[in-house]
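In the working numbering, the protein residues as written are -18 to 351.
First up is the structure itself, then whatever we jot down about it.
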Ligand code: TXA
Ligand code: MG
């Protein structure tokens, strides 16, 4: 237990929104997009430092300065927040793997602020890359191409290929410019946790990690897309979709023709890190149709249901509403999962609509359903 220095309340950790009455303490704020109160104040005593959330032009310049010196900074993008370091600084990249607790064989995405910069990271730039990037960059599309010899092998965990994308977020673009070069960044969650879509999600993951006590988190607001980018491999003879996202396979197929027919990779072999565990929240997740929800609830426990407002959930269970529109649902998905994943929750039941436009959401949820 620690004492909060503003209100004197005793709390279990940096965030104990359950334990403190919001009215009692002026250092409460509403979590971005969370819909419930969060305790963001620094506590006295046992936790002397924690990551700092900053925003605005000075914060961007400070982020650039730290990155140029080989440091790590959490940056906002339109998909999810990323834990960034200079692509050309092997030491920074080692730091990313260590701080995130990321398996060494899981390659990173390099973030650029122009197509010209992307071309410098690869040995081969096929016509399909020109077509896709002209139409869809900046945006939530990552392309995989042969890695240039100038790029440190650790940037792609030793693979001969490199994943590259140009984020469509003004703050991300300004930070890449201020850093003076491409930034490698995985999603900023600690390994095994859900990707963060707000700055406070990032703080949730790192507030009690000693090595993150000086970490700078740049707040760019809630992520517009809310799901990680679509990843497409252009290094082989036929383009191959490695990870679905809000840019669907139909849009890509219309631009560059047929994609390889293979099923999505289900193991680390084809796209390391896309294993089921990678996106898992702490509590078990069950995905079901509306018709089987009651049977799952009857199995007991303190379930939280995430599903459309049209379903009827017995009043003793918490029902978090999933937007009807797939893009809105994608934007809210990780916030809802984090909200559902409370200490009192025994399991999370997700009632998901049918249809192709739900592919990306379904993909992420099937990864969470461990
Ligand atoms: O939206 C996004 O993509 C976010 C933001 C921060 O840009 N980043 C992100 O990074 O989701 P991460 O590391 O969590 O996921 C990157 C995915 C992993 O599944 C990884 O295995 C795959 O991309 N990947 C990266 N490089 C690859 C490569 N050379 N070949 C195949 N897959 C690769
Ligand atoms: Mg990730």
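Glycine included, each C-beta is placed from N, C-alpha and C at the ideal position.
Do you know how far the Cα of residue j is from the Cα of residue i?
i: residue 98; j: residue 214; result: 19 Å
i: residue 290; j: residue 173; result: 29 Å
i: residue 339; j: residue 231; result: 13 Å
i: residue 252; j: residue 104; result: Confidence at residue 252 is low in this model, with a pLDDT of 42, below 50, so its placement is unreliable and no value can be given for it.
i: residue 343; j: residue 176; result: 15 Å
i: residue 181; j: residue 49; result: 25 Å
i: residue 224; j: residue 268; result: 19 Å
i: residue 78; j: residue 53; result: 11 Å
i: residue 350; j: residue 297; result: The predicted model places residue 350 with a pLDDT of 45, which falls under 50 and marks its position as unreliable, so this point remains unresolved.
i: residue 31; j: residue 185; result: 10 Å
i: residue 316; j: residue 236; result: 32 Å
i: residue 135; j: residue 266; result: 33 Å
i: residue 132; j: residue 66; result: 13 Å
i: residue 282; j: residue 207; result: 29 Å
By the three-class DSSP mapping on this structure, what secondary structure does residue i have?
i: residue 330; result: strand
i: residue 293; result: coil
i: residue 347; result: helix
i: residue 339; result: helix
i: residue 69; result: coil
i: residue 197; result: strand
i: residue 266; result: strand
i: residue 182; result: helix
i: residue 53; result: coil
i: residue 280; result: coil
i: residue 120; result: coil
i: residue 226; result: coil
i: residue 25; result: Here residue 25 scores only 43 on pLDDT, less than 50, and its place in the model is too uncertain to base an answer on.
i: residue 96; result: helix
i: residue 206; result: coil
Let me check one thing: in DSSP terms, what residues is residue i bridge-paired to?
i: residue 214; result: 125, 221
i: residue 285; result: 299, 329
i: residue 188; result: Per DSSP, none; premise fails for residue 188.
i: residue 143; result: 126
i: residue 35; result: 199
i: residue 91; result: 145, 165
Is the CB of residue i under 8 Å away from at least one CB in chain D?
i: residue 167; result: Looking for chain D here will not work: only one protein chain is present.
- request: Count the CB pairs spanning the segment 319 to 332 and the segment 285 to 298 that are closer than 8 Å, and state whether there are at least three.
  value: yes
- prompt: How about the segment 141 to 152 and the segment 105 to 120: do they share at least three Cβ pairs that are nearer than 8 Å?
  reply: yes
query: Touching or not, the segment 190 to 204 and the segment 57 to 64, by the rule of three or more beta carbon pairs under 8 Å?
result: yes
query: Taking one C-beta from the segment 87 to 104 and one from the segment 124 to 135 each time, how about it: are there three or more such pairs within less than 8 Å?
result: yes
query: Any chance the segment 214 to 224 sits against the segment 178 to 198, with 3 or more Cβ pairs inside 8 Å?
result: no
- request: Specify whether the segment 329 to 348 and the segment 303 to 312 touch according to this definition: at least 3 beta carbon pairs, one from each stretch, less than 8 Å apart.
  value: yes
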